[in-house]
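The opening position of the sequence shown corresponds to residue 1 in the UniProt record's numbering, with each subsequent residue numbered one higher. By construction, the Cβ of each residue, glycine as well, lies at the ideal position given by its N, Cα and C atoms. Remember, predicted model here, so these are calculated numbers, not experimental data. Only one structure is covered here, and it is reproduced in the block below.
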Amino acid sequence: MQELLSGQNLACERDDRLLFSELSFSLSCGDVLQIAGPNGTGKTTLLRMLAGLLPDYEGEICFKGQPVLEDPERFRENLLYIGHHPGIKLNLTPEENLRWYQALYRPASAEQIHYALARVKLTGYEDVPCYTLSAGQHRRVALARLFLHPAPLWILDEPFTAIDQGGVKEIEQLLADHARQGGGVILTTHHNLSLPAELKVITLGQSRQQKESFHEKDSQLNTEQVTEQDPFTVDQRGEHD
Ligand SMILES: Nc1ncnc2c1ncn2[C@@H]1O[C@H](COP(=O)(O)OP(=O)(O)OP(=O)(O)O)[C@@H](O)[C@H]1O
Numbered sequence: 001m002q003e004l005l006s007g008q009n010l011a012c013e014r015d016d017r018l019l020f021s022e023l024s025f026s027l028s029c030g031d032v033l034q035i036a037g038p039n040g041t042g043k044t045t046l047l048r049m050l051a052g053l054l055p056d057y058e059g060e061i062c063f064k065g066q067p068v069l070e071d072p073e074r075f076r077e078n079l080l081y082i083g084h085h086p087g088i089k090l091n092l093t094p095e096e097n098l099r100w101y102q103a104l105y106r107p108a109s110a111e112q113i114h115y116a117l118a119r120v121k122l123t124g125y126e127d128v129p130c131y132t133l134s135a136g137q138h139r140r141v142a143l144a145r146l147f148l149h150p151a152p153l154w155i156l157d158e159p160f161t162a163i164d165q166g167g168v169k170e171i172e173q174l175l176a177d178h179a180r181q182g183g184g185v186i187l188t189t190h191h192n193l194s195l196p197a198e199l200k201v202i203t204l205g206q207s208r209q210q211k212e213s214f215h216e217k218d219s220q221l222n223t224e225q226v227t228e229q230d231p232f233t234v235d236q237r238g239e240h241d
């Protein structure tokens with residue numbers, strides 16, 4: 001399978017605290033990669049780094065073999081990033097939010113937007129202000145972009161937050177379908193993923209011993225091609241074992 005995204009010897013410090021270092025991985029078409037680990041270990045930071053939103057890091061990130069810094073425009077065209085917060089404007093309706101998002105990337109027709117909102121179960125809510133919607137519905141507005149942006153690479157930070165059980169199952173299926181069709185997904189979640197596709201995992205903030213026992217417990221996980229050389233545990237003071 002063709003390689004979509006790779007990271008080589010990635011390292012990141014925040015406020016003089018080392019979050020991770022010597023982190024390397026390879027994501028191929030068809031892969032789903034979960035970034036796991038306890039709160040504060042750098043999962044969101046890593047995703048933002050991979051999405052090109054955090055320029056201050058060490059190492060190299062390549063998209064289809066080309067360093068993303070050489071052609072950031074090409075990389076952005078191939079990426080759909082949905083962050084930790086829904087990132088919607090509360091005074092706008094779901095339809096207006098999506099029209100605004102799409103105008104930045106790939107303008108969508110009203111029909112396409114209504115289809116996307118229907119897929120996330122927001123039919124009937126297209127034209128109400130988002131401040132009248134629930135937290136889970138806010139997240140659904142953000143996730144509707146998955147049906148509008150045909151990017152091969154999806155980077156999703158906590159996509160299941162506030163989503164009900166049925167919705168979680170549907171999104172899991174959507175991720176698996178995207179991978180089966182040749183896309184790639186990198187996500188963080190504290191949710192216990194149940195995917196028909198194989199899952200790769202990078203665990204941040206765990207000692208080697210902890211990390212190995214985690215993977216033994218989840219023996220279905222395929223960690224091939226994922227290496228966090230010299231893994232360590234970060235504590236609140238930023239020291240490591
Ligand atoms: N803008 C920032 N400036 C300084 N430090 C930051 C900044 N953003 C995050 N950090 C620090 O980096 C560390 C990692 O944060 P990050 O949000 O990546 O963790 P996380 O693993 O995603 O956590 P969680 O599971 O709670 O979402 C935290 O200690 C946080 O305080």
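Could you tell me the distance, in whole angstroms, from the CA atom of residue i to the CA atom of residue j?
i	j	result
Gln8	Tyr131	42 Å
Glu13	Lys169	35 Å
Glu111	Asn39	40 Å
Leu23	Glu126	42 Å
Ser6	Gln66	10 Å
Arg88	Arg99	Looking at the sequence itself, residue 88 is Ile, so the reference to Arg does not match. Near 11 Å, if we compare the C-alpha coordinates of Arg99 and Ile88.
Leu175	Leu33	11 Å
Cys29	Thr161	26 Å
Ser109	His138	21 Å
Pro150	Asp16	38 Å
Tyr57	His190	25 Å
Gly166	Lys121	11 Å
Arg140	Ile163	8 Å
Glu172	Leu90	27 Å
Pro55	Val68	11 Å
Leu53	Arg76	11 Å
Pro152	Leu133	30 Å
Leu27	Ala51	14 Å
What does DSSP give as the partner residue(s) for residue i in the beta ladder?
i	result
Arg17	Arg14
Gly184	Leu153
Ile61	Gly7
Val32	Val185, Leu199
Gln66	Phe63
Ile82	Leu156
Ser109	Answer is none; Ser109 lacks a bridge partner.
CB of residue i to nearest heavy atom of ligand 1: below 7 Å?
i	result
Asn39	yes
Gly42	yes
Leu18	no
Arg14	yes
Thr188	yes
Thr161	no
Thr123	no
Thr203	no
Thr45	yes
Would residue i pass as a contact of residue j if the rule is Cβ separation under 8 Å?
i	j	result
Pro86	Ala144	no
Val201	Ala11	no
Ile186	Leu79	no
Phe63	Leu146	no
Asp157	Thr188	yes
Phe25	Leu204	no
Pro159	Ile82	yes
Q) Is the stretch 113–124 touching the stretch 88–103, taking contact as three or more C-beta pairs under 8 Å? A) yes
Q) Between the stretch 62–79 and the stretch 174–182, are three or more C-beta pairs nearer than 8 Å? A) no
Q) Below 8 Å, can you find three or more Cβ-Cβ pairs linking the stretch 101–110 to the stretch 43–50? A) Too few Cβ pairs lie closer than 8 Å, so no.
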